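In the numbering used here, the protein residues as written are 253 to 584.
We treat Cβ as the ideally placed atom computed from N, Cα and C, and that holds for glycine.
All figures in this text were calculated on a predicted structure; none of them were measured in a lab.
Before any comments, here is the structure.
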Amino acid sequence: MTPPFPLGKLPAEVLAALLAAHPVTDPRVVVGPRVGEDAAVLDLGDQYLVAKTDPITFATDEIGWYAVNVNANDIATTGAIPAWFMAALLLPEGKTDREAAAALFEQIYDACGHIGVAVVGGHTEITYGIDRPIIVGTMLGLAAKDRLISTSGAQPGDALLLTKGVPVEAIALIARERGQTLLNQMSADEIARCANFLHTPGISIARDAAIAIHAGRVHAMHDPTEGGIATGLWEMALASERRLVVDLSGIVLPEGRRLCEAVGLNPLGAIASGALLMAVHPDDAGRIQSALQAEGIAAHGIGRVEAGTPEVVEAAGGRLWYPDRDEVTKLF
Numbered sequence: 253m254t255p256p257f258p259l260g261k262l263p264a265e266v267l268a269a270l271l272a273a274h275p276v277t278d279p280r281v282v283v284g285p286r287v288g289e290d291a292a293v294l295d296l297g298d299q300y301l302v303a304k305t306d307p308i309t310f311a312t313d314e315i316g317w318y319a320v321n322v323n324a325n326d327i328a329t330t331g332a333i334p335a336w337f338m339a340a341l342l343l344p345e346g347k348t349d350r351e352a353a354a355a356l357f358e359q360i361y362d363a364c365g366h367i368g369v370a371v372v373g374g375h376t377e378i379t380y381g382i383d384r385p386i387i388v389g390t391m392l393g394l395a396a397k398d399r400l401i402s403t404s405g406a407q408p409g410d411a412l413l414l415t416k417g418v419p420v421e422a423i424a425l426i427a428r429e430r431g432q433t434l435l436n437q438m439s440a441d442e443i444a445r446c447a448n449f450l451h452t453p454g455i456s457i458a459r460d461a462a463i464a465i466h467a468g469r470v471h472a473m474h475d476p477t478e479g480g481i482a483t484g485l486w487e488m489a490l491a492s493e494r495r496l497v498v499d500l501s502g503i504v505l506p507e508g509r510r511l512c513e514a515v516g517l518n519p520l521g522a523i524a525s526g527a528l529l530m531a532v533h534p535d536d537a538g539r540i541q542s543a544l545q546a547e548g549i550a551a552h553g554i555g556r557v558e559a560g561t562p563e564v565v566e567a568a569g570g571r572l573w574y575p576d577r578d579e580v581t582k583l584f
């Protein structure tokens, strides 16, 4: 018997092998299950339906907000507009009352209202064997056929851009879930500011994506979630079958460096929703950065795309570390 896997995603090579053993045969599937792709794309005839499902398992605070936004992010990275949301709420036995359920519903509806999404269904149950609520969300959206973008679209010569910085989601998550244990290393005000990263600058990248697409030619987009920007870059390289050359020296937010140092984590491998990774036409990179910055969204040039064996290398030399699991899982 093989040893069990640690917390987090299945290893990429294991997932790739499992998916390869079960190929999609429906011709209406334009983008199916594949390592690195953010969402499925289905051909409806005159437009594409884009579908995404993602759970919230680590967070316990404002999980409805997390669930809506991380699923909407993956719709936005395809160039689609998030439109409809469904959620399966698995609630712990002995810890769920009317007020707790109402709070989760309020979080979901508030987050959907914030981005113009309708809640169209789902499922709720009190579940045996869990000690905290878990939400499995599904987001649907529509994309014009001539506007579809995928993680696999990076082209040789493209510039790599990253919005905001990293790791926005991990900053919020660590502060909210482990803040009390850090009071001997950080002030209560620092921890509160980090906790508010959930909302400011926020884990949503839908606005980032819309601005970028309007400003220039975007060939690939990816939402770096589990495994952080390091895993996100590797997923884009593998999906696009390209070599990425990167310089990540200026992308870690001060709060991320401070918080990750306090708990002994590498910020480049920590869950990074809130940052949008893009491969864009090199002639449009400056225009896209300027458009984002004009709207108050930081945009960093972090490297380039080259032809060659799929890999991620640092401009200073050597391969970028490919995390085997998200750094935040070390805290659970």
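- Put simply, the backbone Cα of P307 is about 9 Å away from that of T390.
- DSSP, read as helix, strand or coil, puts Y318 in helix.
- As DSSP reads the structure, T376 sits in a beta bridge with L341.
- In the pairwise beta carbon analysis, the region 287-301 is classified as not touching the region 334-345: fewer than three pairs are separated by under 8 Å.
- In the same chain as A537, and ignoring 5 residues on each side of it, the C-beta atoms closer than 6 Å to its own belong to A411, in chain order.
- Distance check between V580 and each of E487, L413, L511 and D441 places L511 closest, using alpha-carbon atoms only.
- Taking the C-beta atoms as reference points, I387 is found nearer than 8 Å to G316.
- A527 sits close to G417, with the two beta carbons spaced by under 8 Å.
- In the assembly as shown, G373 is an exposed residue. Its beta-carbon has fewer than 16 other beta-carbons within 10 Å.
- Between G260 and I465, the CB-CB gap reaches or exceeds 8 Å.
- Rounded to the nearest whole angstrom, the CA to CA distance from A395 to Q432 is 43 Å.
- Between P419 and G516, the C-beta gap is not smaller than 8 Å, which leaves the two residues out of contact.
- Within the DSSP bridge table, the entry for K416 names no partner.
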